[in-house]
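Numbering (full-length UniProt numbering), first residue to last: 1 to 529. Glycine residues also receive a C-beta, built at the ideal position from the N, C-alpha and C atoms.
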């Protein structure tokens, strides 16, 4: 493959429908920050009624197609692709301002390997975890921010299962193989989800370039007519499920709360099993943080499993009937997220999988809370509906905090720690919860506020303590001090370790207790600053 990006031509395809000021800013920024590369601009105008068409006709450096009516986003993009002469196609929203080195960086990632099919940028306003914090307040500050940020670095290329189409660069050869955008999603929404999965199923990778920032105004059409946009989104959501057979929301979630519970103290390669892995987005994120992790999954949905299979070992089937077939004492972590409520016999699964955990392995669960206050409100008003977001239509098992603790203890798990995943409340909610507290224990508030619990449990009574003890003993006896202290500091900073965890391990395993407590206190206070 020719990785010299200056030999590759990019066709930048932009759709317009009114909003001329956004279009002008977008195209002016392309002209300013893409001049050294070979590119063409193709604009598909969907019958704008403002001055857009007249302005475009005066632009001699733009190839235009003027439609007689608004044919929508997928069809318009396909029109542009059909006349494009570049060997890469960039789908760009007209409410984007591109920045210094933007296309250079994206092209370096796209042409870095034959296996890469498409790449995308990060921004200030976007869905699916493609945003980063920004601090600029005007155009000059934006350019200054992006100029510093856009430093090409392949270590910042993150493999993803989906890219949002506001700024998506695709190899033309991949488009020739995969086909054009699916026009069933006209006028727009979910065509980028669909195209991402088609690229993956064709055997290519998607990369999110965290070394490339562009500004995205975002939701211009939504702000103009939010009701119509919501209706279109729902209709295309339904079409997506009809085509793919899975929910694009739940099956592609990146569960950062799970990632935050994974600790690799000794930096050795880990084996992780995700039961109910969906398309594998959480596992892919785990591997991004822990590079040598070997990923395994079990997923009932065949189409979702096919996506996950592109980067992990996945068994397809119902977890209550599947033959696991793994080595015993093999996994460092087993993850079960939002699945126990669908099982008639959750205790059977928890007992079976225990033997596949390493002696110092851990179980991570996310489980809906049966005591979440909207469920109680529904029940005391005589309802127990499965259609209002509180209950899933397939839920057959229900858990409170006490139920979860007892279930895990009965299955011989240890050091069980549960944290509530809280949702926002309003004044009316708070009053309802206070009324509940008046007839229950006063310390129950967190149980009413938690929509779900994330639970970590050990396979061994001394599981995490023993791993932590290994590092603490190295510090105690002045062995590899810098790396050991650095690891503790990293765990404090990421909030994966508390002083309570340290104190417990020191008390159990350390001889020079005062020395270690003093060192740990200094590290903890330093990381809190």
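Separation of residue j from residue i, as counted between CA atoms
i	j	result
residue 282	residue 77	31 Å
residue 412	residue 459	8 Å
residue 447	residue 399	11 Å
residue 375	residue 37	57 Å
residue 455	residue 494	18 Å
residue 596	residue 189	As shown, the chain starts at 1 and ends at 529. That puts residue 596 outside it, with no answer to give.
residue 450	residue 183	41 Å
residue 42	residue 291	39 Å
residue 193	residue 111	22 Å
residue 442	residue 436	9 Å
residue 73	residue 116	24 Å
residue 260	residue 120	25 Å
residue 32	residue 25	10 Å
residue 471	residue 265	8 Å
residue 505	residue 310	40 Å
residue 134	residue 140	13 Å
residue 417	residue 354	17 Å
residue 420	residue 322	31 Å
residue 396	residue 503	40 Å
residue 243	residue 180	16 Å
residue 350	residue 333	13 Å
residue 381	residue 426	19 Å
residue 232	residue 377	32 Å
Spatially closest choice to residue i from the options, by CA coordinates
i	options	result
residue 215	143, 284, 196, 181	143
residue 186	226, 109, 237, 210	237
residue 404	169, 347, 257	347
residue 210	332, 148, 41	148
residue 97	29, 401, 55	29
residue 163	208, 345, 107, 528	208
residue 137	506, 42, 64, 217	217
residue 319	309, 327, 339, 427	339
residue 251	261, 228, 275	275
residue 335	258, 342, 368	258
residue 424	243, 373, 80, 114	373
residue 337	102, 327, 396, 277	277
residue 342	361, 357, 333, 366	366
residue 94	56, 22, 51	22
residue 126	166, 113, 91	166
residue 317	298, 333, 332	298
residue 60	27, 50, 80	27
residue 284	452, 158, 131	158
6 Å CB neighbourhood of residue i in its chain, flanking five on each side removed
i	result
residue 246	301, 303, 304
residue 313	296
residue 500	none
residue 64	43, 56
Residues of its chain near residue i, where Cβ-Cβ distance is below 8 Å and the 5 sequence neighbours each way are ignored
i	result
residue 307	161, 197, 200, 201, 279, 280
residue 263	464, 467, 491, 496, 497
residue 129	254
residue 352	324
residue 476	510, 511, 512, 515, 516
residue 68	47
residue 536	Residue 536 lies beyond the residue range present for the chain, which begins at 1 and ends at 529; the question has no answer from this structure.
residue 379	none
residue 428	none
residue 370	398, 399, 400, 403
Sequence-distant residues of its chain with Cβ nearer than 7 Å to residue i (five each side left out)
i	result
residue 523	485, 488, 489, 492
residue 293	269, 270, 272, 286, 287
residue 146	99, 100, 213
residue 480	474
residue 359	329, 459, 460
residue 66	45, 53
residue 108	5, 152
residue 422	449, 450
Boundaries of the alpha helix (DSSP H) in which residue i is found, first to last residue
i	result
residue 423	No alpha helix (DSSP H) holds residue 423; DSSP gives it neither H nor E.
residue 452	Not the alpha helix (DSSP H): residue 452 falls in the beta strand (DSSP E), residues 450-458.
residue 15	First-last for residue 15: 10-16, but that is the beta strand (DSSP E), not the alpha helix (DSSP H).
residue 91	Run containing residue 91: none in the alpha helix (DSSP H); it sits in the beta strand (DSSP E), 88-92.
residue 229	226-244
residue 304	302-308
For residue i, the first and last residue of its enclosing beta strand (DSSP E)
i	result
residue 332	331-337
residue 292	Element bounds for residue 292: n/a, residue is neither H nor E.
residue 479	Where residue 479 is concerned, there is no enclosing beta strand (DSSP E), given that its DSSP letter is neither H nor E.
residue 531	Because residue 531 is not part of the residues shown, which for the chain are 1 to 529, the question remains open.
residue 315	313-316
For this session: Tell me the start and end of each unbroken alpha helix (DSSP H) in the stretch 18-76 that is at least 4 residues and wholly inside, in chain order.
Result: For the stretch 18-76, whole alpha helix (DSSP H) runs of length 4 or above, ordered along the chain, are 20-33, 52-57.
Exercise. Taking the runs of the beta strand (DSSP E) that are 3 residues or longer, which of them lie wholly in the stretch 256-285?
Worked result: List check, beta strand (DSSP E) in window: 271-275.
For this session: Enumerate, from N- to C-terminal direction, the unbroken alpha helix (DSSP H) stretches of 4 or more residues contained entirely within the stretch 149-180.
Result: Qualifying alpha helix (DSSP H) stretches, in chain order: 172-178.
Exercise. Going along the chain, which unbroken runs of the alpha helix (DSSP H) with 4 or more residues stay wholly within the stretch 180-223?
Worked result: 191-201, all fully within the stretch 180-223.
For this session: Could you pull out every unbroken alpha helix (DSSP H) segment of at least 4 residues lying fully inside the stretch 100-126, listed in chain order?
Result: Runs found: 102-110.
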